[in-house]
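Visitor:
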Amino acid sequence: MRLARELGLVFASLALAFGVGALVAQLSGLSPSAVYRELVRGAFGDQYRFFQTLTQATPIIFTSLSFLIAFRAGLFNIGAEGQLYMGAFFGAWAGFTFVLPPYLHTVVALLVGALVGAVWGFIPGWLRARRGTNEFVSTMMLSYVAIYFTSWLVSPRGPYHGTQWANQTVRILSSAELPRFVRGMQLHWGLAIAGLLSLLLWYFLFRTPRGYEMRAVGQNPRAAQYAGIDVPRTMILALTLAGALAGLGGAAEVLGTHRRFIEFFSPGYGWDGIAGGLIARAHPLAVIPAAILIGALRAGGMGMDRAGVAPADFASVLQGIVIFFVVAPELFRLFRRIRRERRVLVHSQP
Amino acid sequence: MPAEAVRMEGIVKRFPGVVANAGIDFSLSFGEVHGLLGENGAGKTVLMSILYGLYQPDSGQTYVRGEPVRIRSPSVAIRLGIGMVHQHFMLVPRLTVLENMAVGWEPRRGPFLDREGMRKRIEALVEEYGLSVDPEARVEELSVGEQQRVEILKALYRGAEILILDEPTAVLTEQEVEALFKTIRALRDQGKAVVFITHKLHEAMTICDRVTVLRKGKKVGTVPISEATPEKLAEMMVGREVVFRVQPKPVQKEGKELLRVEGLTVHDERGLPAVRNVSFSLFDHEILGIAGVEGNGQKELVEALTGLRPPKAGKVYVGGKEATGLSARELAQLGLVHIPEDRQATGLILPFSLAENVVLGRHREDGFALGPWVQLRRRIFRYAEEAVRTFSIVAPSVRVPVQNLSGGNQQRVVLARELGRKPKVVVAHQPTRGLDVAGMEFVWEKLLELREKGCGVLLVSMDLDEILMLADRVAVMYRGEIVGIWPREEADKHELGLAMLGGKVAAR
Numbered sequence: 000m001r002l003a004r005e006l007g008l009v010f011a012s013l014a015l016a017f018g019v020g021a022l023v024a025q026l027s028g029l030s031p032s033a034v035y036r037e038l039v040r041g042a043f044g045d046q047y048r049f050f051q052t053l054t055q056a057t058p059i060i061f062t063s064l065s066f067l068i069a070f071r072a073g074l075f076n077i078g079a080e081g082q083l084y085m086g087a088f089f090g091a092w093a094g095f096t097f098v099l100p101p102y103l104h105t106v107v108a109l110l111v112g113a114l115v116g117a118v119w120g121f122i123p124g125w126l127r128a129r130r131g132t133n134e135f136v137s138t139m140m141l142s143y144v145a146i147y148f149t150s151w152l153v154s155p156r157g158p159y160h161g162t163q164w165a166n167q168t169v170r171i172l173s174s175a176e177l178p179r180f181v182r183g184m185q186l187h188w189g190l191a192i193a194g195l196l197s198l199l200l201w202y203f204l205f206r207t208p209r210g211y212e213m214r215a216v217g218q219n220p221r222a223a224q225y226a227g228i229d230v231p232r233t234m235i236l237a238l239t240l241a242g243a244l245a246g247l248g249g250a251a252e253v254l255g256t257h258r259r260f261i262e263f264f265s266p267g268y269g270w271d272g273i274a275g276g277l278i279a280r281a282h283p284l285a286v287i288p289a290a291i292l293i294g295a296l297r298a299g300g301m302g303m304d305r306a307g308v309a310p311a312d313f314a315s316v317l318q319g320i321v322i323f324f325v326v327a328p329e330l331f332r333l334f335r336r337i338r339r340e341r342r343v344l345v346h347s348q349p
Numbered sequence: 000m001p002a003e004a005v006r007m008e009g010i011v012k013r014f015p016g017v018v019a020n021a022g023i024d025f026s027l028s029f030g031e032v033h034g035l036l037g038e039n040g041a042g043k044t045v046l047m048s049i050l051y052g053l054y055q056p057d058s059g060q061t062y063v064r065g066e067p068v069r070i071r072s073p074s075v076a077i078r079l080g081i082g083m084v085h086q087h088f089m090l091v092p093r094l095t096v097l098e099n100m101a102v103g104w105e106p107r108r109g110p111f112l113d114r115e116g117m118r119k120r121i122e123a124l125v126e127e128y129g130l131s132v133d134p135e136a137r138v139e140e141l142s143v144g145e146q147q148r149v150e151i152l153k154a155l156y157r158g159a160e161i162l163i164l165d166e167p168t169a170v171l172t173e174q175e176v177e178a179l180f181k182t183i184r185a186l187r188d189q190g191k192a193v194v195f196i197t198h199k200l201h202e203a204m205t206i207c208d209r210v211t212v213l214r215k216g217k218k219v220g221t222v223p224i225s226e227a228t229p230e231k232l233a234e235m236m237v238g239r240e241v242v243f244r245v246q247p248k249p250v251q252k253e254g255k256e257l258l259r260v261e262g263l264t265v266h267d268e269r270g271l272p273a274v275r276n277v278s279f280s281l282f283d284h285e286i287l288g289i290a291g292v293e294g295n296g297q298k299e300l301v302e303a304l305t306g307l308r309p310p311k312a313g314k315v316y317v318g319g320k321e322a323t324g325l326s327a328r329e330l331a332q333l334g335l336v337h338i339p340e341d342r343q344a345t346g347l348i349l350p351f352s353l354a355e356n357v358v359l360g361r362h363r364e365d366g367f368a369l370g371p372w373v374q375l376r377r378r379i380f381r382y383a384e385e386a387v388r389t390f391s392i393v394a395p396s397v398r399v400p401v402q403n404l405s406g407g408n409q410q411r412v413v414l415a416r417e418l419g420r421k422p423k424v425v426v427a428h429q430p431t432r433g434l435d436v437a438g439m440e441f442v443w444e445k446l447l448e449l450r451e452k453g454c455g456v457l458l459v460s461m462d463l464d465e466i467l468m469l470a471d472r473v474a475v476m477y478r479g480e481i482v483g484i485w486p487r488e489e490a491d492k493h494e495l496g497l498a499m500l501g502g503k504v505a506a507r
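Keeping their order, the protein sequence lines are chains L and X.
Those letters in the first sequence? Residues 0 to 349, by numbering that gives the first Met the number 0.
Those letters in the second sequence? Residues 0 to 507, by numbering that gives the first Met the number 0.
1) With H, G and I counted as helix, E and B as strand and the rest as coil, what does DSSP make of L335/X?
2) With C-beta atoms as the reference, is Q412/X less than 8 Å away from V401/X?
3) Quick one: which residues of the region 207-228 of chain L get their C-beta closer than 7 Å to a C-beta of chain X? List them in chain order.
4) Which of the three DSSP states, helix, strand or coil, is assigned to V343/L?
5) Give the straight-line distance between the Cα atoms of E252/L and P58/L, rounded to the nearest whole angstrom.
6) The alpha helix (DSSP H) spanning A21/X covers which residue range?
7) Heavy atom of the ligand MN less than 7 Å from the Cβ of I121/X, yes or no?
8) Give a yes or no on whether 8 Å exceeds the smallest Cβ distance from P339/X to chain L.
9) If you count every other CB in all the chains shown that lies within 10 Å of the CB of V373/X, and 16 or more means buried, which is it?
10) If we ignore side chains and look at the alpha-carbon of each, how far apart do E302/X and F279/X end up?
11) Rounded to whole angstroms, what's the CA-CA distance from E98/X to D133/X? Just pull it up for me.
12) Does the region 284-299 of chain L come close enough to the region 82-95 of chain L to have 3 or more Cβ pairs within less than 8 Å?
13) Counting only beta-carbon atoms, is V399/X nearer than 8 Å to chain L?
14) Quick check: what's the CA-CA separation for I183/X versus E150/X?
15) How would you list, in chain order, the residues of chain L whose beta-carbon sits under 9 Å from the beta-carbon of I348/X?
16) Report, in whole angstroms, the separation of the C-beta atoms of Q167/L and F260/L, which I expect to be a contact under 8 Å.
17) Taking the beta strand (DSSP E) that M476/X belongs to, which residues open and close that run?
18) With distance defined between alpha-carbon atoms, name the residue in E285/X, I338/X and L112/X nearest to V442/X.
19) Could you tell me which of H284/X, M7/X and G42/X sits nearest to F14/X, measuring between CA atoms?
20) Tell me the DSSP bridge mates of V193/X?
21) Taking the straight line between their C-alpha atoms, what separation do you get for A290/X and R478/X?
22) Would DSSP call I224/X helix, strand or coil?
23) Take the Cβ of P1/X as the centre, count every other Cβ of all protein chains shown within 10 Å, and call the residue buried at 16 or more, exposed below.
24) Would G496/X count as contacting chain L if we go by Cβ distances under 8 Å?
25) Compute the Euclidean distance between the alpha carbons of T239/L and W119/L, then round it to the nearest angstrom.
26) Given a cut-off of 8 Å on the beta-carbon distance, is the pair L467/X and L258/X in contact?
27) Just checking: is the beta-carbon of T345/X within a distance shorter than 8 Å of some beta-carbon in chain L?
28) Along the chain, where does the beta strand (DSSP E) that runs through I289/X open and close?
29) Does the beta carbon of L368/X come closer than 8 Å to any beta carbon on chain L?
30) Closer than 8 Å is the cut-off here; do at least three beta carbon pairs connect the region 312-325 of chain X with the region 183-198 of chain L?
31) To the nearest angstrom, report how far apart K492/X and V237/X are at their CA atoms.
32) Answer with buried or exposed for W485/X, where buried requires no fewer than 16 other C-beta atoms within 10 angstroms of its C-beta.
33) If you draw a straight line from the alpha carbon of Y102/L to that of G299/L, how long is it in whole angstroms?
34) Contact between the region 210-217 of chain L and the region 23-31 of chain L: three or more CB pairs below 8 Å?
35) For a contact defined as C-beta to C-beta under 7 Å, what are the partners of F88/X on chain L?
36) Within 10 angstroms of its Cβ, does E262/L collect 16 or more other Cβ (buried), or is it exposed?
Right, here's the structure in full:
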């Protein structure tokens with residue numbers, strides 16, 4: 000019942016979004032039918048394109064999970080982008096520094112990425128829990144620190160400037176590579192890991208006492224405290240796990256797709272994670288289709304540009320419209336809840 | 000006979016689940032200070048909020064200066080010359096006194112604020128009523144008393160001739176109260192009409208010309224102060240008879256001390272002592288009632304006893320073991336559980352299911368979990384279904400969110416959970432607040448059942464009737480202190496009412 004309603008809402012929002020998108024296309028002098036044809040073809044037209052969509056979706060699943068776990072604990076992790084960069088750089092670093100047997104090397108590099116991402120989540124978590132620092136601001140600020148710190152590391156003056164023609168590290172050792180599904184295509188095992196993590200996170204949130212505590216803190220911290228739950232510790236744990244998930248996503252992206260760390264490699268996967276988490280209504284399993292939707296918009300947008308029916312900029316506009324419409328109901332609900340709470344306050348005054 | 004300022008007839012105002020005003024008549028004259036007296040929840044603030052246009056009455060008529068009026072909003076009230084000073088000030092801290100007074104009421108000189116003109120008028124008002132404040136000071140730099148003066152000035156500046164003061168002394172020091180009273184007298188002498196909302200008897204006796212007493216949404220009466228005595232007013236406030244709807248059975252007490260509190264001092268959010276050096280004991284087979292007007296330290300006392308607020312000084316023993324400053328979870332292990340005052344904000348997680356709520360705080364217990372990583376969902380559901388049966392909870396399934404349940408059923412979920420822990424000591428804070436009669440009786444019966452089984456129950460309630468009906472002993476809290484403890488047989492409602500309101504205490 001609830002599922003059907005939620006799904007109905009999502010599809011209605013999608014239909015509305017594509018309707019408005021068509022209108023915008025028309026007003027911009029583009030042909031809506033051509034735009035959508037090329038969008039769909041670009042995203043799902045053949046195996047190569049579909050795999051491109053999935054490749055785009057992979058890091059978005061990680062960052063959506065990262066946003067979601069913090070959100071479930073009542074916190075906003077706006078800094079998945081930075082956590083992703085930290086995980087990506089240090090994953091690559093482990094990939095070209097350590098000498099280990101294949102597979103084991105991959106696993107170690109992924110774990111290093113997750114660990115450094117976790118540190119990048121722990122810091123704002125600790126600040127929030129012990130010092131009351133707004134995590135919205137601190138995660139976002141730390142994000143920029145991470146992006147520019149890693150950029151410096153691979154710049155000509157930095158210690159890991161690996162190639163002359165670009166700001167990137169040297170290639171990781173082949174033992175650290177995350178294998179690809181099909182030769183010649185970028186889609187790699189990171190997608191499987193992401194899917195597995197969605198399941199694990201679902202289990203964690205809905206089937207373990209720790210996950211229960213996290214949701215309790217998110218829904219009503221006062222009641223959680225009354226119930227003897229250590230609220231600050233739970234908050235720290237949530238943001239640390241959020242950082243680990245995004246960091247792992249960054250490491251997988253580097254070990255699977257690029258095979259080296261490249262400055263500014265992410266087209267905004269961290270930010271897409273916010274949209275992905277909200278579209279999925281903070282449900283770990285719904286994150287997969289949500290991320291594929293965003294990945295399809297990205298991949299399809301490139302297809303649209305290549306086919307010459309619309310500039311790449313229009314793809315961004317369309318992405319914006321879709322995300323806005325699908326996320327908006329969730330935002331309305333948030334506002335409604337805030338308004339209701341305010342009303343309750345007024346009533347309890349006498 | 001002075002001119003009538005306000006007359007309210009048959010005012011009725013309902014909120015979901017409560018009738019805040021059940022047909023109240025009220026009249027106010029120019030040149031008088033009219034006290035509005037009653038316990039918390041008696042309907043004082045609601046009545047005055049209706050006069051100020053914050054609420055619309057469900058029925059009833061208001062007259063101002065003899066004219067029938069409908070006061071749709073505070074701006075209408077202001078135009079009618081009505082001003083209200085709330086308990087919580089509505090000032091912008093970063094702005095100066097003058098700027099605050101100008102907000103929404105800016106006198107212009109050309110396109111600019113006429114600061115000079117305003118300052119002159121403010122200074123005249125300051126002079127006239129002895130409200131000393133510097134118009135150029137920033138509000139954030141002012142003391143609470145000064146901020147209150149700014150609020151009064153603001154109302155007067157807007158031309159108020161009818162001034163409502165909602166518990167104005169609650170936040171003031173003794174000296175500030177003196178100054179406020181001087182101002183009020185000056186206002187009265189200028190022919191203004193003042194409503195003084197309070198639940199402090201001696202203040203009503205000192206400053207008011209007439210007093211209207213409300214109880215549980217109804218008007219008990221209006222008396223001129225010359226005919227009033229503290230005893231009479233106290234009796235009007237709390238009533239005389241106790242309505243017994245349940246009856247405690249006689250029990251055999253063993254004299255075991257289950258809870259001992261020694262010299263407990265607790266601070267509130269502002270760091271001021273809310274509980275001062277409180278000591279008492281709770282024994283087996285006993286309900287100890289803590290009576291008092293809300294805001295006299297009960298909340299802080301309960302929070303300190305249940306692990307939600309660290310005490311500043313003093314000791315707490317549960318079952319003979321020291322338990323000072325333990326967490327809620329550790330206290331539960333010692334056998335002390337808590338039925339919180341606000342089940343929706345504290346006792347439950349509203350979007351969680353009934354089953355999830357019934358194990359809240361117990362979710363790590365052996366029966367419900369294997370370590371931190373495995374939840375025994377089957378057992379939780381089975382336990383929840385059992386709770387639904389034994390506590391007669393009306394719910395379509397144990398998987399529905401508790402926000403879909405009625406208040407009474409929500410409270411049963413809390414009771415089922417806390418009493419399911421087999422407690423020795425139960426701290427019940429306003430356990431029947433907001434419930435209908437059936438819900439109340441259910442809670443009362445459960446509390447009495449606990450007593451028969453040998454538990455100690457600390458019942459903190461604002462409802463004196465409830466306490467007199469259930470408790471073996473009655474303690475009264477006033478200004479953070481326990482001013483007396485009476486065995487129920489010796490407790491006289493009238494005397495308790497007086498003690499609750501800060502009157503003299505004979506017994507100990």
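Ideal Cβ placement from N, Cα and C applies to all residues, glycine included.
Guide: The relevant details are as follows:
1) strand
2) In the sequence under discussion, the amino acid at residue 412/X is Val, which differs from the Gln named in the question. Going by C-beta atoms, V412/X is nearer than 8 Å to V401/X.
3) T207, P208, R209, Y211, A215, Q218, N219, R221, A222, Q224, Y225, A226 and G227
4) With a pLDDT of 42 at V343/L, under the threshold of 50, the modelled position of this residue cannot be trusted; read the value that follows with caution. Helix, per DSSP.
5) 7 Å
6) Here A21/X belongs to no alpha helix (DSSP H); instead the beta strand (DSSP E) covers V17 to S28.
7) Absence of the ligand MN is noted for the structure shown, with no ligands found whatsoever.
8) yes
9) exposed
10) 16 Å
11) 12 Å
12) no
13) no
14) 13 Å
15) R214, A215, Q218, N219, A222, A223 and A226
16) 6 Å
17) R472 to Y477
18) I338/X
19) G42/X
20) V32/X and L162/X
21) 12 Å
22) helix
23) exposed
24) no
25) 7 Å
26) no
27) yes
28) E285 to A290
29) Reading off the sequence, residue 368/X comes out as Ala, not Leu. Closer than 8 Å: yes.
30) no
31) 8 Å
32) buried
33) 33 Å
34) no
35) Under the 7 Å cutoff, chain L gives no residues; its nearest Cβ is about 15 Å from F88/X.
36) buried
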